[in-house]
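Order-wise, the sequence lines are chains A and B.
Throughout the first sequence, residue numbering follows our numbering, covering 7 to 360 in sequence.
Throughout the second sequence, residue numbering follows our numbering, covering 7 to 360 in sequence.
We treat Cβ as the ideally placed atom computed from N, Cα and C, and that holds for glycine.
Note that the coordinates shown come from a computational prediction; the quantities given were computed from them, not determined experimentally.
Number of protein chains: 2
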Amino acid sequence: MRPRRVDQNPILTPASISASHPDLHVVGVFNPAVTEHEGEVLLLLRVAEAARAGADGEITAPVYDAERGQLEVHRWPRGTKDLDATDPRTVTVDGRTWLTSLSHLRIARSRDGIHFEVERTPALFPATPYESFGVEDPRITLLDGTYWINYTAVSPLGIATALASTTDFRTFHRHGIIFPPNNRDVTIFPDRIDGRYVALHRPMPEGIGHPAMWAASSADLISWGDHRLVATAREGSWDDAKIGGGAVPWRVRADGRDAWLAVYHGVTRSPMTYALGALLLDARDPSRVLARSREPILSPETPYEREGFFGGVVFTCGLIADGDRVRIYYGAADGVTAAADLSLEEILAGMASP
Amino acid sequence: MRPRRVDQNPILTPASISASHPDLHVVGVFNPAVTEHEGEVLLLLRVAEAARAGADGEITAPVYDAERGQLEVHRWPRGTKDLDATDPRTVTVDGRTWLTSLSHLRIARSRDGIHFEVERTPALFPATPYESFGVEDPRITLLDGTYWINYTAVSPLGIATALASTTDFRTFHRHGIIFPPNNRDVTIFPDRIDGRYVALHRPMPEGIGHPAMWAASSADLISWGDHRLVATAREGSWDDAKIGGGAVPWRVRADGRDAWLAVYHGVTRSPMTYALGALLLDARDPSRVLARSREPILSPETPYEREGFFGGVVFTCGLIADGDRVRIYYGAADGVTAAADLSLEEILAGMASP
Chain A
7 MRPRRVDQNP ILTPASISAS HPDLHVVGVF NPAVTEHEGE VLLLLRVAEA
57 ARAGADGEIT APVYDAERGQ LEVHRWPRGT KDLDATDPRT VTVDGRTWLT
107 SLSHLRIARS RDGIHFEVER TPALFPATPY ESFGVEDPRI TLLDGTYWIN
157 YTAVSPLGIA TALASTTDFR TFHRHGIIFP PNNRDVTIFP DRIDGRYVAL
207 HRPMPEGIGH PAMWAASSAD LISWGDHRLV ATAREGSWDD AKIGGGAVPW
257 RVRADGRDAW LAVYHGVTRS PMTYALGALL LDARDPSRVL ARSREPILSP
307 ETPYEREGFF GGVVFTCGLI ADGDRVRIYY GAADGVTAAA DLSLEEILAG
357 MASP
Chain B
7 MRPRRVDQNP ILTPASISAS HPDLHVVGVF NPAVTEHEGE VLLLLRVAEA
57 ARAGADGEIT APVYDAERGQ LEVHRWPRGT KDLDATDPRT VTVDGRTWLT
107 SLSHLRIARS RDGIHFEVER TPALFPATPY ESFGVEDPRI TLLDGTYWIN
157 YTAVSPLGIA TALASTTDFR TFHRHGIIFP PNNRDVTIFP DRIDGRYVAL
207 HRPMPEGIGH PAMWAASSAD LISWGDHRLV ATAREGSWDD AKIGGGAVPW
257 RVRADGRDAW LAVYHGVTRS PMTYALGALL LDARDPSRVL ARSREPILSP
307 ETPYEREGFF GGVVFTCGLI ADGDRVRIYY GAADGVTAAA DLSLEEILAG
357 MASP
């Protein structure tokens, strides 16, 4: 597999983006949902913002207080007792965990798929008690003329998946929580199967059970059932620690038959690395895995992928497939957005029966 | 609150039950679902079985292998490196957790609600890969002439909630996973609200988020959506560590208005104790809590509640409400089944606005 990263990478960085609030500054612009709209490539970016630094070395956590309808910044002096900030993404104090940045979703548009104009204001900003720690990692699926946007809703209640919709990317409707916590990395298929909508989701059990990819189906995109296991992490492989959905699956022909191709992310335990691979799923029963990438199709290799806010990460929420060319948009190091072109034929050639 | 425990308590013990398999012996009969059927009180008991002891002090974990369709017993000599058996319910080896007992569901019937005849064979035994560690803690809801049974399906994939149904308690139909892992303590309401079925469920996020009670609704009992928070653990209260659904809610009149009463379990952090309380929920929007028990309505006090397989536990999956009398059936110390009569008026008098 030889992914061809676009020359302009990273195509979007925090410097491309204005902050949404005077108390915040942008620390990441990454993990965009991808679709085509009115002849343009449209990205729905995750924009992560941190509180402007106060006193020296202070740890901060911006939170949206849905009851009061306002932003609040929690602050802890460095050296606070029982404070754990070893993971740059979180701060844990007295057993309670906060995020060091608050994410919202922002639209960017491009004629050529590489040079993007970013809107100055958020498309979806945290608004409910389920979103007080942010809205993250969206995916867009076009169904029946409506763009359905699922995204991660994070709060002290957990990490859940919520649904919104739009027809014009100006007005958005929220449809509430579709997968209760902890469950993220949901991808809704762009077509019904046997009359029902289908999604991959990633429950995150701990203790008994581990994060794994499941499929579910729905009559209305709101209520989901018929939950079935799809795939787990693989011991001894590049995806040995954890896996989850990535880009919205799309229809392909493989070995003369119809199937779905789902680009997913896999985490290598040591050193912790997020890479991308693919699952080939049965056309009629997408909980059945026909084949799976033996090796990653994209791994963190460049400086902007290996170093940054959270280094060693490539993570996708969307792509554009055009014949053999698969243009994957992805977040790199939880900080910037990049793009790479892959060959569908090469992706398929790198897969083996599970 | 003065619960009146029935004189015959515990009304069912492991001695009342024959093992389902020659390699197993019964260690617990507890947490029964409760309904009335053909003029009898019917319990659907959780029967926990452990492997017959082999070599001295050996730790064992019985597992149902769904692919081979047979029972397997995993064995570890005591002193095995990296083995943790401090919790009698589980054994953790090399970061993987197993259960020391395998549960199935068994029917018991009674004319007087106190003396029960237990069937000799399981009603629902583990049968799928989602149930390889057992089926536990059922609840029965009668809707449209069908008895719907939700139960906890435990496996290395996590702790999920599955659905089955029956009309005669002889033939059972499985309907798959309705709440993906980790999610247990589901109670389905015995009536539609605004045309939709409603359930309480208890997602179990870790890290960010804590186990809490949520509500969801469904058009068909299979697909669930519109997930909303109902209640969390309360700092500084008897339910400060964890809460979850208990008995199937029922309609009551309180302060001159209709509402739902849901008996739930709450866990006190130190010393760890499982007790029961009640939530009064809005008749039309059961995600809205009108009132909540200030103190437990039933706490582990008797020897069979305080000592046993897992002491300090009273846990209910069902009750029979008859006017002011509320007969709660409950598991005690994860080992035996007991019953206690409470007064609805007293339960309501012990509640306060949340």
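Helix or strand or just coil, what does DSSP make of A268/A? strand
Residue-chain proximity (N409/B, chain A), Cβ-Cβ < 9 Å: The structure shown has nothing for residue 409/B, since chain B only spans 7 to 360.
Candidates Y203/A, L49/A, H233/A, of which the one nearest E125/A by Cα: Considering only alpha carbons, the answer is L49/A.
Residues bridged to R298/A [DSSP beta-bridge criterion]: L285/A, A358/A
For chain B, check one thing: does any of its Cβ atoms lie closer than 9 Å to the Cβ of R52/A? no
Need the endpoints of the beta strand (DSSP E) that Y310/A sits in, please. It is not in any beta strand (DSSP E) - Y310/A instead sits in the alpha helix (DSSP H) that spans 309 to 312.
Who are the neighbours of L3/A on chain B, taking C-beta pairs under 7 Å? Nothing can be reported for residue 3/A: it is not among the residues displayed for chain A, which extend from 7 to 360.
DSSP state of S22/A mapped onto helix, strand, coil: Residue state, collapsed to three classes: helix.
DSSP three-state call for E46/B: helix, strand or coil? strand
Distance, F131/B Cα to Q76/B Cα: 11 Å
The region 128 to 146 of chain A touching the region 83 to 102 of chain A, judged by at least three CB pairs closer than 8 Å: no
Just to confirm the assignment, what range does the beta strand (DSSP E) spanning F185/A have? 179 to 185
Along the region 178 to 211 of chain A, what residues have a CB closer than 8 Å to any CB found in chain B? Listed by position along the chain: G182, I183, I184, F185, P186, P187, N188, N189, H207, P209, M210, P211.
Across the region 237 to 249 of chain B and the region 207 to 220 of chain A, are there enough close Cβ pairs to call them in contact, namely three or more that are closer than 8 Å? no
Given this structure, state the Cα-to-Cα distance separating T134/A from G182/A, to the nearest angstrom. Cα to Cα, the separation comes out at about 9 Å.
Got a sec? Which residues, its chain only, sit under 8 Å from Y153/B by beta carbon, not counting five neighbours each side? Close CB contacts of Y153/B within its chain, under the 8 Å cut and outside five residues either way in sequence, are with T41, H43, I146, T147, S171, T172, T173, F175 (chain order).
At which residues does the beta strand (DSSP E) containing K248/B begin and terminate? 248 to 251
Sort out for me which residues DSSP pairs Q14/A with in a bridge. Answer is none; Q14/A lacks a bridge partner.
Just how far apart, CA to CA, sit T158/B and G34/A? 40 Å
Residues bridged to N189/A (per DSSP): P209/A
I'd like to know whether the C-beta of S107/A is nearer than 9 Å to at least one C-beta of chain B. no
Compute the Euclidean distance between the alpha carbons of L287/B and R74/A, then round it to the nearest angstrom. 25 Å
Figure out for me which residue from P196/B, P68/B, E212/B, D62/B has the closest Cα to the Cα of T103/A. E212/B
Between A281/B and G272/B, is the Cβ-Cβ spacing less than 9 Å? yes
Proximal chain B residues relative to S349/A, where beta-carbon distance stays under 9 Å: Neighbours of S349/A on chain B: none; closest Cβ ~34 Å, over 9 Å.
Would you say F139/B lies against chain A (beta-carbon separation less than 9 Å)? Interface residue (Cβ-Cβ distance to chain A less than 9 Å): F139/B is classified as such.
Selection from N189/B, V258/B, R290/B, E123/B that minimises the alpha carbon distance to G201/B: R290/B
DSSP on P144/B, reduced to helix/strand/coil? strand
What residue range does the beta strand (DSSP E) around S109/B cover? 108 to 116 is the span of the beta strand (DSSP E), which, as asked, contains S109/B.
Short Cβ contact (9 Å threshold) for L108/A with Y70/A: yes
Step through the CB atoms of chain B and report whether any lies within less than 9 Å of the CB of A67/A. no
Looking at the C-beta of A225/A, does it have a partner C-beta in chain B at a distance below 9 Å? yes
Listed from N- to C-terminal order along the chain, which residues in the region 230 to 255 of chain A have their beta-carbon within a distance smaller than 8 Å of any beta-carbon of chain B? W230, G231, D232, H233, R234, L235, T238
I'd like to know whether the C-beta atoms of V342/B and F139/B end up nearer to each other than 9 Å. no
Kindly confirm or deny that the region 225 to 236 of chain B and the region 324 to 333 of chain B touch, where touching means at least three C-beta pairs closer than 8 Å. no
Which class does P83/A belong to by DSSP, given the choice of helix, strand or coil? coil
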